[in-house]
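S.K.: Here it is, the structure in full.
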Amino acid sequence: MYKRETSLVRRVAPVAAATLFLSACAFADEALLPSLTGEPAPSTQTSATAQPASQAGTQTAQTQAAQSQPTGGAPSLFGSSNFEAPGVTTGQPSGTHVGQKIEELRGDLARLQSRMSDHNSQLQAQRAAARQSANAYHSQVGDVNSRLQIGTTPGNPELVAQWNQAQVELNNVGASISVLNTLASEAASTSALAAFLLESTRATFELRGAVEEDHRQLAVLEDEVNKTVVVVDRLLNELSEDVARTQNYFTAERSNLTAMQVAIDNGEYIGGSLASRAYGVPTPPPSGGGAALVGQRQPLVVIRFADPNVEYEQALFTVVSRALQRKPNAGFDLVAIAPNTGSPAQVSLATSKSRRNAENVLRSLTSMGLPADRITLSATSSGQAQSNEVHVYVR
């Protein structure tokens, strides 16, 4: 009879805890719905008018949901969850061996929750610092873009200074990635400890020599360990999401910042990074190199370097962007073409200069965000060329 009652207590306690937990989730969902649908937040005022039972139940749920929200009635923003420990309930020692084991488990749970609180504090500090740096970064980028949109002098030192400050703020965001990775590893270890503590608590029910008060305290302790496991797992999940989101953000903005540097050098806005438009595995280069394409295929663009300073980047960005819109996995072959006229020394000098021009075009494309593995570079000479040229072929 005693064993059957004990088993019944063990089965009923988790079910009751799960019922309470599901009820709390239902309230939280109702609290979030108004912000998603555009409806006003549920009111906490009560009416003296008699209502049907279903309406009264709905109003009670809305009232509890509103009370569970942070100060001000607004639901938590995405990525701003604050993970608080559920606490540890104290109990009177029973004087039994099982009672001593319960006290040890309470101490382990208290230390576990303290460790979780440290993780939460570090996470909130990193989030606050990253948001501050991101806000400062976008403020600088917005100012630079507004100046570039209307046009300015090439290499404007004011914009260069703002670009440098934006890079510092973006690097601060990037520095938080390694900290979050370390914190995620520590949280994973804490999650494993929480799972072990839950198993130890459940195993204590099987110990002999316990009184009824011991099992009552164990049921309360098991509920608190269960809640702690849930909070730790949520903390770990959000940490993983924060790491992935911050990494993607940092990579994309670093590419955009590189493209902006080209625009500052030109004094006008060229466009966003090409990295966001190029994806997939690029088409392999043709056999024989890009030089074999000359005269065989129509080039995407021909850049003639007849003058010392040829402004080609805006036109190059436009045609490459359109090519990537039509074929996101496109690759590009740059062919430096030198005139094949004059003495051997003149041909050699023209070929060298033509190749340097092609290297400058390649650097321009990578600065615009185009991955370097999508570009090939080759050189040749032609008797039809009147000046140094760079042909760009799409594949």
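When the letters of the sequence shown are read in order and numbered with this note's numbering, they come out as residues 5 to 399.
Positions of the beta carbon are idealized from the N, C-alpha and C atoms, including for glycine.
#1: Which class does residue 397 belong to by DSSP, given the choice of helix, strand or coil?
#2: How would you write the range of the alpha helix (DSSP H) that residue 301 sits in, first residue to last?
#3: Label residue 259 either buried or exposed according to how many other C-beta atoms from any shown protein chain fall within 10 Å of its C-beta, with 16 as the threshold for buried.
#4: Taking the C-alpha atoms as reference points, what is the distance between residue 157 and residue 271?
#5: Do three or more CB pairs link the segment 128 to 137 to the segment 179 to 188 at distances below 8 Å?
#6: Can you grab the Cα-Cα spacing for the pair residue 243 / residue 87, in whole Å?
#7: Just the Cα atoms here: how many angstroms apart are residue 397 and residue 305?
#8: Around the C-beta of residue 53, are 16 or more other C-beta atoms found within 10 angstroms, so that it is buried, or is it exposed?
#9: Along the alpha helix (DSSP H) that carries residue 129, what are the first and last residues, could you check?
#10: Within the 8 Å Cβ cut-off, does residue 146 reach chain B?
#11: Just to confirm, is the Cβ distance from residue 144 to residue 166 under 8 Å?
#12: Nearest CA to the CA of residue 386: which residue from 336, 334, 364 and 346?
#13: Might you give, ordered along the chain, the residues of its own chain that have their beta carbon closer than 8 Å to the beta carbon of residue 266, omitting 5 neighbours on each side?
#14: Would you kindly work out how many angstroms separate the C-alpha atoms of residue 356 and residue 366, rounded to a whole number?
#15: With a Cβ-Cβ cutoff of 8 Å, do residue 361 and residue 394 count as a contact?
#16: Within 10 angstroms of the Cβ of residue 300, are there 16 or more other Cβ atoms? Answer buried if so, exposed if not.
#17: Which term fits residue 162, buried or exposed, when burial requires 16 or more other beta carbons within 10 angstroms of its beta carbon?
#18: For the beta strand (DSSP E) containing residue 338, list its first residue and its last residue.
#19: Smallest Cα separation from residue 377: which of 384, 339 and 334?
#20: Using a 10 Å radius around the Cβ and a threshold of 16 neighbouring Cβ atoms, would you call residue 311 buried or exposed?
#21: Compare the Cα-Cα distances from residue 123 to each of 230, 160 and 195 and report the closest residue.
#22: Okay, do the segment 194 to 210 and the segment 168 to 179 touch, 3+ Cβ pairs below 8 Å being the bar?
#23: By the 10 Å Cβ neighbour count, where 16 or more other Cβ atoms means buried, how is residue 155 classified, buried or exposed?
#24: Less than 8 Å between the beta carbons of residue 204 and residue 109, yes or no?
#25: Using the three-state DSSP reduction, which class does residue 85 fall into: helix, strand or coil?
#26: Excluding five sequence neighbours on each side, which residues of the same chain lie with their C-beta closer than 7 Å to the C-beta of residue 327?
#27: Tell me the rounded alpha-carbon separation between residue 391 and residue 149.
#28: Got a sec, what are the start and stop residues for the alpha helix (DSSP H) residue 222 sits in?
#29: Going straight from the alpha carbon of residue 245 to that of residue 228, what length do you get?
#30: May I ask you to report which of helix, strand or coil DSSP gives residue 27?
M.R.: According to the structure shown:
#1: To locate residue 397, count along the sequence shown from 1; it is residue 393. Three-state DSSP puts residue 397 in a strand.
#2: One-based indexing of the sequence shown puts residue 301 at position 297. Looking at the DSSP string, residue 301 is not in any alpha helix (DSSP H), and its letter there is neither H nor E.
#3: The residue given as residue 259 occupies position 255 in the sequence shown. Its Cβ being crowded by 16 or more others within 10 Å, residue 259 is buried.
#4: Numbered from 1 along the sequence shown, position 153 holds the residue referred to as residue 157. Numbered from 1 along the sequence shown, position 267 holds the residue referred to as residue 271. Rounded to the nearest angstrom, the two C-alpha atoms are 5 Å apart.
#5: yes
#6: Taking the sequence shown and counting its residues from 1, the one referred to as residue 243 is at position 239. Taking the sequence shown and counting its residues from 1, the one referred to as residue 87 is at position 83. For residue 243 and residue 87, the distance between alpha carbons rounds to 11 Å.
#7: Working through the sequence shown from its first residue, we reach residue 397 at position 393. Working through the sequence shown from its first residue, we reach residue 305 at position 301. Taking the straight line joining both Cα atoms gives about 7 Å.
#8: Within the sequence shown, residue 53 is the residue found at index 49, counting from 1. Note on residue 53: pLDDT 36, under 50, position unreliable in the model; the coordinate value appears next. It counts as exposed.
#9: Mapped onto the sequence shown, residue 129 falls at position 125. It spans 101 to 154 - the alpha helix (DSSP H) in which residue 129 sits, taken as one unbroken run.
#10: No chain B is present in this structure, which holds just one protein chain.
#11: Start at 1 with the first residue of the sequence shown, and residue 144 comes out as number 140. Start at 1 with the first residue of the sequence shown, and residue 166 comes out as number 162. Closer than 8 Å, so yes.
#12: Taking the first residue of the sequence shown as position 1, residue 386 is located at position 382. Per the Cα distances, 346.
#13: Taking the sequence shown and counting its residues from 1, the one referred to as residue 266 is at position 262. 274, 317, 368, 371 and 372.
#14: Mapped onto the sequence shown, residue 356 falls at position 352. Mapped onto the sequence shown, residue 366 falls at position 362. Cα-Cα distance, rounded: 15 Å.
#15: Here residue 361 corresponds to residue number 357 of the sequence shown, with the count starting at 1. Here residue 394 corresponds to residue number 390 of the sequence shown, with the count starting at 1. Their beta carbons are under 8 Å apart, which means residue 361 touches residue 394 by this criterion.
#16: Within the sequence shown, the letter at position 296 stands for residue 300. Label assigned to residue 300: exposed.
#17: Residue numbering aside, residue 162 sits at position 158 when the sequence shown is read from its first letter. It counts as exposed.
#18: For the purposes of this step, residue 338 is taken as residue 334 along the sequence shown, with counting starting at 1. First-last of the beta strand (DSSP E) with residue 338: 336 to 343.
#19: Walking along the sequence shown from the start, residue 377 turns up at place 373. Ranking the options by Cα distance to residue 377, first place goes to 334.
#20: For the purposes of this step, residue 311 is taken as residue 307 along the sequence shown, with counting starting at 1. Exposed.
#21: Within the sequence shown, the letter at position 119 stands for residue 123. Selected option, being the one with the closest Cα: 195.
#22: no
#23: For the purposes of this step, residue 155 is taken as the residue at position 151 of the sequence shown. It counts as exposed.
#24: Residue mapping note: residue 204 aligns to position 200 of the sequence shown, counting from 1. Residue mapping note: residue 109 aligns to position 105 of the sequence shown, counting from 1. It is a contact, given that the beta carbons lie within the stated cut-off.
#25: Taking the first residue of the sequence shown as 1, we reach residue 85 at position 81. The answer is coil: DSSP assigns residue 85 none of H, G, I, E or B.
#26: Along the sequence shown, read from residue 1 onward, the residue named residue 327 stands at position 323. Within the same chain, residue 327 has close Cβ partners 304, 334 and 398.
#27: Translated into the one-based positions of the sequence shown, residue 391 becomes position 387. Translated into the one-based positions of the sequence shown, residue 149 becomes position 145. Distance between the alpha carbons of residue 391 and residue 149: 36 Å.
#28: Taking the first residue of the sequence shown as 1, we reach residue 222 at position 218. Its alpha helix (DSSP H) spans residues 216 to 270.
#29: As a position in the sequence shown, residue 245 is number 241, starting the count at 1. As a position in the sequence shown, residue 228 is number 224, starting the count at 1. So the alpha carbons of these two residues sit roughly 26 Å apart.
#30: Position 23 of the sequence shown holds residue 27. At residue 27, the pLDDT of 39 sits below 50, so the modelled position is not reliable; the number obtained from the coordinates is stated separately. Three-state result, residue 27: helix.
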